[in-house]
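Encoded as structure tokens, the structure appears first; notes follow it.
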Amino acid sequence: MTAKDTIRRYFDAFNAGDTAEMLACLDPEIEHHVNEGQIRRGTGKFAEFCDHMSRCYRETLTEIVIFANGDGTRAAAEFIVNGTYLETDAGLPEAKGQTYRLPAGSFFSLKDGRISRVVTYYNLGDWVRQVS
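Taking the UniProt record's numbering as reference, the numbering of the sequence shown is continuous, increasing by one, and the terminal residue is 132.
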């Protein structure tokens with residue numbers, strides 16, 4: 001499986017709401033760099049993050065474009081997050097079922113065919129504007 005295949009599998013699992021399949025794409029010592037947040041290490045912390053996100057947001061990624069280097073150790077993706085804000089997240093505006101559409105991107109490191117680091121970026125100010 002190529003780096004692009006692994007990233008595609010990860011995003012397909014995300015869009016299906018299949019956290020177990022997402023975890024299967026990850027190295028056990030994954031470093032998850034969250035936009036505007038702390039680095040989470042390990043699949044346990046990643047699973048906790050996914051549970052929280054599933055409660056507060058329903059999201060689907062579209063217009064996904066995946067890039068990878070020649071040796072399969074680094075990759076990146078650009079995409080659009082199409083979401084609904086379901087439950088108020090701490091420190092953010094009140095959730096009332098607002099929808100949003102937000103450009104975003106992720107950077108990946110891969111080790112032995114699994115994602116060992118993921119860094120995701122989006123414009124939080126734009127998201128707040130859309131849901132306020």
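By construction, the Cβ of each residue, glycine as well, lies at the ideal position given by its N, Cα and C atoms.
In chain order, what residues of the same chain have a beta carbon less than 7 Å from the beta carbon of residue i, not counting five sequence neighbours either side?
| i | result |
| --- | --- |
| E21 | A13 |
| S109 | T73, R74, S116, R117 |
| G113 | M1, T6 |
Going by DSSP in three states, residue i sits in which element: helix, strand or coil?
| i | result |
| --- | --- |
| K96 | coil |
| S132 | coil |
| E21 | helix |
| A68 | strand |
Which residues does DSSP pair with residue i in a beta bridge?
| i | result |
| --- | --- |
| R117 | E31, S109 |
| E59 | G83 |
| E78 | V65, G105 |
So, for residue i: in the same chain, excluding its five sequence neighbours on each side, which residues have a beta-carbon less than 6 Å away from its beta-carbon?
| i | result |
| --- | --- |
| G83 | Y57, E59, Y100 |
| G105 | E78, Y121 |
Quick one: residues in its chain with C-beta nearer than 8 Å to the C-beta of residue i, no 5 flanking neighbours on either side, listed in chain order?
| i | result |
| --- | --- |
| Q98 | T84, Y85, Q130, V131 |
If you pair each beta-carbon of the stretch 65 to 72 with each one of the stretch 32 to 45, do three or more pairs fall below 8 Å? Contact annotation: the stretch 65 to 72 does not touch the stretch 32 to 45, with fewer than three C-beta pairs closer than 8 Å.
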